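K.L.:
There's a structure below that I have some questions on.
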Amino acid sequence: MKKLLILSFFSLFGFAQNNPNPGYWQQNANYKMDVNMNVKDYKYSGSQELVYTNNSSDTLRKVFYHLYNNAFQPGSEMDIRLQTIADPDKRMVRTFKVAEKEIKESRISTLKPNEIGYLNIQNFKQNGLDAKTKVVGTVLEVTLNKPILPKQSVTFTLDFEGQVPLQVRRSGRNSEEGVALSMTQWYPKMAEYDFEGWHADPYIGREFHGVWGNFDIKITIDKNYTIGGSGYLQNKNEIGHGYEDKGIEVKHSKKTKNLTWHFVAPNVHDFTWAADNEYIHDMILGPNNVELHFLYKNKKENLENWKKMQPKTAELLDFYNKNVGEYPYKQYSVIQGGDGGMEYAMCTLITGNRSFGSLVGVTAHEFAHSWFQFVLASNESKHEWMDEGFTSFISDLAMEEVLPGKEKDANPFSGAYQGYYYLVKSGKEQPLSTHADRYDYNMAYGISAYSKGEVFLAQLGYLIGTENLMKTLKRYYFDYKLTHPTPNDIKRSAEKVSGANLDWYLTDWTQTLNTIDYRIAEVAENGTNTTVSLERIGRMPMPLDILVEYEDGSKEAYYIPNTLMRWEKENQSPEINRTVLNGWDWSNPIFKFTIAKQKNTIKKISIDPSGLMADIDQKNNVFEKK
């Protein structure tokens, strides 16, 4: 009854599909799983029942499951990619020298049979009847015994057995920090089918995409192990381990060897957990009585930082609630595990041996993913810049408030801009429309997804104004939460809020390698006036903010609209008088305007004094009196 009440609550309050795009639909996958984990040999087995609803208008004759664990085997696609990419992930290789030559050896390539990961499937049935299956690397291909018609639901059942690999990337056992089990992407997971078709991508090392649904999970494990992860623990007063209600004392008899943990996670697209026999488990109440759980190793040198970080997490929740939208679940867990930081449903796994600032910083980023990736569930394999870039943007803003430096940065996104400039100069940039697995360099992927994606939003603030940008984030969240938004959706949210036309911006920034480069070509005396000549060198057009500073200390601003926007930005510095000039058409590389003062009165002229326009050569953006 309790479970039913929880599910009913979430179906009534904020979990209805609300994507405003005409004809939008999303599939639904409801999981029930019983899992037994052996903590001695790191093998597990279980059964899965999945009720799959085809909400599309298409008839489905095949379905696909992800078997992520199979990536951690010698000869897998992930292994081969590590051996062939120019700059493999340092966490996933061993580096050494042979005859003065540096060798980067894939850690996967050397895994022994008892160290690899695998996920084997047996007894696959569709509505009680056998269906044909085929394993291709990390994907299970299923030919259905009967097509799934539009609006029809079917029940898939299967048995599975797996082995947790040595910790190499994200999922694994016995991490460098001694965490026993990081159980991420551990189960047979239905691939996403949407308006673009199936997204049955192999697991090569990047991101994930999943189907919205409910999870009912029972995990049986050694009683000394504490679990943290997705969902709500249904039998907390039987389990204990810090989950029990206040005033309840939970004791387990000496005869009890294992406990069965029962979790329910409503309307998510993933279920993740971690377990260790040395976890400390703390819980505090955050805004809206959201339970914030913290599970970390009992290591003396880290205890202080993990304790101090907890109220900061509550502050982060408050910031994201106010600046994006309210977190829709009633718990979130910060768990020591994995190999860096990675977001999952209602939780994150992070490495915990960090300084206080680093611990808060990684939590700020991963927690922000609950908005940009888990509630706004864009396809992070195809549009990695949307989740990583937007998360970086809002977490950088949050850190300015939650853990400010000694001096407030005039541009809290300056690091992202510098990363983008470095990428452009490297000559290794690829368009943001590149699939996450298809970047030639890990460096290019990282800067593109995190930095150039962050600049997309920061620069959008330059285009439409800071106030409109923050309104856009709230509109985007309200319209698309708990759905799968696309790049066009964030663009349309910004257009609806501001009134500007922004298709050109989305196209140039995400689908091309066009750059922004403007220069002050000439400042010429013209009688009692001054003529300023500007030149567009880069292919990407922009509106321009121009600041003129005079010898007497006064200032005035000029704004040159980009005619493609069919719109004018409000004056962002009302204390400075601003003149709106005629728009600058993209086809014309030159633009001239007149200042009604003599040249000798002018001290300085600057293009974009805010620094929010990503001009790749800013040395020619300024004229200064010599």
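One rule links them: number in my numbering = place in the sequence shown (from 1) + 1363.
Using N, Cα and C, we set each Cβ at its ideal position, and we do this for glycine too.
In this text the structure is predicted, and so the values were computed from the model without any measurement.
Determine the extent of the beta strand (DSSP E) in which N1399 is found, giving its start and end residues.
P.N.:
Looking at the DSSP string, the run of the beta strand (DSSP E) that includes N1399 is 1391-1401.
K.L.:
Would you tell me roughly how many angstroms separate the C-alpha atoms of Q1793 and N1716, rounded to the nearest one?
P.N.:
Their backbone Cα atoms lie some 34 Å apart in a straight line.
K.L.:
Going straight from the alpha carbon of L1430 to that of Y1840, what length do you get?
P.N.:
Whole-angstrom Cα-Cα distance: 31 Å.
K.L.:
Shortest alpha-carbon distance to I1471 belongs to which of L1503, N1651, Q1489, P1451?
P.N.:
Closest by alpha carbon: P1451.
K.L.:
Using a Cβ-Cβ cut-off of 6 Å (strictly less than) and excluding sequence neighbours within five positions of T1583, which residues of its own chain qualify?
P.N.:
If we look at T1583 and ignore the five residues flanking it on each side, its Cβ neighbours are N1399, N1621, T1623.
K.L.:
Determine the direct distance from the alpha carbon of D1397 to that of K1581, and round the result to whole angstroms.
P.N.:
Cα to Cα, the separation comes out at about 5 Å.
K.L.:
Taking just the CA atoms, how far does F1776 sit from Y1785?
P.N.:
Rounded to the nearest angstrom, the two C-alpha atoms are 15 Å apart.
K.L.:
Of all the options T1893, R1454, I1970, which has the alpha carbon lying nearest to the alpha carbon of Q1961?
P.N.:
Of T1893, R1454, I1970, the residue nearest in Cα terms is T1893.
K.L.:
Using the three-state DSSP reduction, which class does D1681 fall into: helix, strand or coil?
P.N.:
If DSSP states are grouped into helix, strand and coil, D1681 belongs with the helices.
K.L.:
Return the first residue and the last residue of the alpha helix (DSSP H) that A1821 is part of.
P.N.:
Where A1821 is concerned, the enclosing alpha helix (DSSP H) stretches over 1816-1827.
K.L.:
Taking the straight line between their C-alpha atoms, what separation do you get for G1560 and G1720?
P.N.:
Rounded to the nearest angstrom, the two C-alpha atoms are 43 Å apart.
K.L.:
Let me see if you follow: with CB-CB separation under 9 Å, is W1669 close to chain D or not?
P.N.:
Chain labels in this structure do not include chain D; a single protein chain is all it has.
K.L.:
Do you know whose CA, among T1635, E1601, K1609, lies nearest T1619's CA?
P.N.:
The shortest Cα separation from T1619 among T1635, E1601, K1609 belongs to E1601.
K.L.:
Looking at the unbroken alpha helix (DSSP H) that takes in H1746, where does it start and where does it end?
P.N.:
Careful: H1746 lies outside any alpha helix (DSSP H) and carries neither H nor E.
K.L.:
Apart from the five residues on each side of it in sequence, which residues of its chain come closer than 6 Å, Cβ to Cβ, to F1372?
P.N.:
Because the pLDDT at F1372 is just 40, under 50, the model does not fix this residue reliably, and the point stays unresolved.
K.L.:
Within a Cβ cutoff of 8 Å, which residues of the same chain sit near R1941, ignoring the five residues on either side of it in sequence?
P.N.:
The residues are E1919, A1920, Y1921, Y1922, N1934.
K.L.:
So P1674 packs on M1749, CB below 8 Å; how close in whole Å?
P.N.:
About 30 Å separates the two Cβ atoms, so there is no contact after all.
K.L.:
Is the stretch 1486-1502 in contact with the stretch 1516-1526, if contact means three or more CB pairs nearer than 8 Å?
P.N.:
Short answer: they touch.
K.L.:
Run the CB neighbour count on N1569, radius 10 Å, all protein chains shown included, and call it buried at 16 or more, exposed below.
P.N.:
Position check: residue 1569 holds Arg in this sequence, whereas Asn was assumed. Buried, because 16 or more other Cβ atoms sit within 10 Å of the Cβ of R1569.
K.L.:
If you follow the alpha helix (DSSP H) that H1728 is part of, which residue opens it and which one closes it?
P.N.:
1719-1731 is the extent of the alpha helix (DSSP H) around H1728.
K.L.:
For the alpha helix (DSSP H) containing P1629, name the first residue and the last one.
P.N.:
No alpha helix (DSSP H) contains P1629, which is instead part of the beta strand (DSSP E) from 1621-1631.
K.L.:
Give the secondary structure of A1563 by DSSP, where H, G and I count as helix, E and B as strand, and everything else as coil.
P.N.:
Reduced to three states, the DSSP call for A1563 is coil.
K.L.:
Between which two residues does the beta strand (DSSP E) carrying N1486 extend?
P.N.:
N1486 -> beta strand (DSSP E) spans 1481-1489.
K.L.:
Keeping to the same chain, check which residues put their C-beta closer than 6 Å to that of A1494; ignore five residues upstream and five downstream.
P.N.:
The answer, listed in chain order, is F1487, V1505, L1507, N1508.
K.L.:
Going by CA-CA distance only, name the one from L1544, T1926, N1877 that's closest to A1638.
P.N.:
Answer by Cα proximity: L1544.
K.L.:
Taking its Cβ as the centre, do 16 or more other Cβ atoms sit within 10 Å of P1952, making it buried, or is it exposed?
P.N.:
Under this definition P1952 is an exposed residue.
K.L.:
Determine the contact status of Q1411 and G1480, defining contact as a CB-CB distance below 9 Å.
P.N.:
Cβ distance not < 9 Å, so Q1411 and G1480 don't count as in contact.
K.L.:
Here's the rule I'm using: 16 or more other beta-carbon atoms within 10 Å means buried, otherwise exposed. How should P1383 be labelled?
P.N.:
The residue in question, P1383, is exposed, as its Cβ has fewer than 16 Cβ neighbours within 10 Å.
K.L.:
By the 10 Å Cβ neighbour count, where 16 or more other Cβ atoms means buried, how is A1799 classified, buried or exposed?
P.N.:
Under this definition A1799 is a buried residue.
K.L.:
In the DSSP assignment, find the unbroken beta strand (DSSP E) run with D1908 in it and report its ends.
P.N.:
Looking at the DSSP string, the run of the beta strand (DSSP E) that includes D1908 is 1907-1913.
K.L.:
Please state the DSSP three-state secondary structure of F1841.
P.N.:
The answer is helix: DSSP assigns F1841 an H, G or I state.
K.L.:
Just verifying my parser: in three-state terms, what is the DSSP assignment at Y1405?
P.N.:
DSSP places Y1405 in coil when its eight states are reduced to three.
K.L.:
Is the distance from the Cβ of G1592 to the Cβ of M1546 below 9 Å?
P.N.:
Against a cut-off of 9 Å, the Cβ pair of M1546 and G1592 comes out as a contact.
K.L.:
Skipping 5 residues on each side, what residues in its chain have a beta carbon closer than 8 Å to that of V1615?
P.N.:
For the record, residue 1615 in the displayed sequence is His; it is not Val. Cβ within range, chain order: K1586, G1603, L1622.
K.L.:
With burial defined as no fewer than 16 other Cβ atoms inside 10 Å of the residue's Cβ, what is the status of D1579: buried or exposed?
P.N.:
By the neighbour-count rule (16 or more Cβ atoms within 10 Å), D1579 is buried.
K.L.:
Give a yes or no on contact between the stretch 1439-1451 and the stretch 1415-1425, applying the rule of three or more CB pairs nearer than 8 Å.
P.N.:
Flag = no, the stretch 1439-1451 and the stretch 1415-1425 do not touch.
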